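Q:
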Amino acid sequence: MSREIQRDLLDLKDFLKSYSLSHLSNDTKLLSVITQQHKKYFSYLTFIAELEALQNSGLLPAISDVQKDYITESCSDIGNSMFVMAHGAYKASRMMLRSSIETFMKGFNADEIADILTDKSMYSIFDNIKALSFFQREDIEPIFISIHNDYKILCRDIHTATRANMDHLTALNYFPTFDEKAATPIAQISMNLVSNYLILLCVKYGTYFHKMHHRNRENILISIPKAYRPKVLGVK
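To convert, take the position in the sequence shown, counting from 1, and add 545; that gives our numbering.
#1: In this structure, how does DSSP classify Ala598 when only helix, strand and coil are distinguished?
#2: Just checking my contact of Ile744 with Val777 at CB under 8 Å: how many whole Å lie between their CB atoms?
#3: Identify whether Arg762 lies in helix, strand or coil by the three-state DSSP scheme.
#4: Got a sec, what are the start and stop residues for the alpha helix (DSSP H) Gly624 sits in?
#5: Cβ of Ile767 within 8 Å of Cβ of Lys584?
#6: Since I believe Tyr586 is in contact with Val739 (beta carbons under 8 Å), could you give me their beta-carbon distance rounded to a whole number of angstroms?
#7: Shortest alpha-carbon distance to Lys749 belongs to which of Asn654, His758, Phe560?
#8: Mind the definition here: the segment 751-758 touches the segment 588-607 only if three or more C-beta pairs lie below 8 Å; say whether that holds.
#9: Run the CB neighbour count on Gly779, radius 10 Å, all protein chains shown included, and call it buried at 16 or more, exposed below.
#10: So, helix, strand or coil for Val739, using DSSP?
#11: How would you label Ser669, buried or exposed, when you count the other beta carbons within 10 angstroms and need 16 or more for buried?
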């Protein structure tokens, strides 16, 4: 190991020892973005926890373990995206959202499309999902379109790589940081995705949604747009 590399490693160790988000904890703009995301994330976590509880009670025969694992992982990706965004790793945050879409769409539709979990082409996966009768419903098709559009935006980080999709990091001491202009679009996509996920889950598994604890139902509904709440609640 050269002296230069050794010296840089020592600097890295010192950086890790002193690393902290504490100076950002009073940033009102960051807290505003995190607060909005947290509400949606909490709603999604609540739905996942209820799935676990219903399954443990033997009341959830319509969703397989594999499906539940994929849907749970999509929720994990949302949390990871929010966490790395708080540090200022915006490209990584967007890539976690992209992963969330992939895992959710696979898990949610694994009972309808036999080879979806092994299909490596998201193009064909979206085409196959679009052809399902569930997603051709007048109330559900806009949700599919919204998720697909968000996926296309997030794919620009890999397939297009314009300057807008680059972070240009040359030193780790850039972190932690907050850039409202970079963070806000990420938060908007994240919140939009969670709302769409919850609509799909509550419509498809409506029978189980109504078996959930009433406080948990309320904490889920708060992240669903008002226009879709009657549909979720089974009210005309």
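Here a beta-carbon is modelled for each residue, glycine too, at the ideal position from N, C-alpha and C. Note that the structure is predicted; figures quoted are calculated from it, not measured.
A: Based on what the coordinates show:
#1: Correct three-state label for Ala598: helix.
#2: Indeed they touch by this definition, with Cβ atoms about 7 Å apart.
#3: Correct three-state label for Arg762: helix.
#4: Where Gly624 is concerned, the enclosing alpha helix (DSSP H) starts and stops at 610-632.
#5: Taking 8 Å as the Cβ cut-off, Ile767 and Lys584 qualify as a contacting pair.
#6: Their Cβ separation, rounded to whole angstroms, is 7 Å, which keeps Val739 and Tyr586 in contact under 8 Å.
#7: Of Asn654, His758, Phe560, the residue nearest in Cα terms is Asn654.
#8: At 8 Å Cβ cutoff, the stretches touch.
#9: By the 16-neighbour rule on beta-carbons within 10 angstroms, Gly779 is exposed.
#10: If DSSP states are grouped into helix, strand and coil, Val739 belongs with the helices.
#11: Classification of Ser669: exposed, given that the 10 Å Cβ count is below 16.
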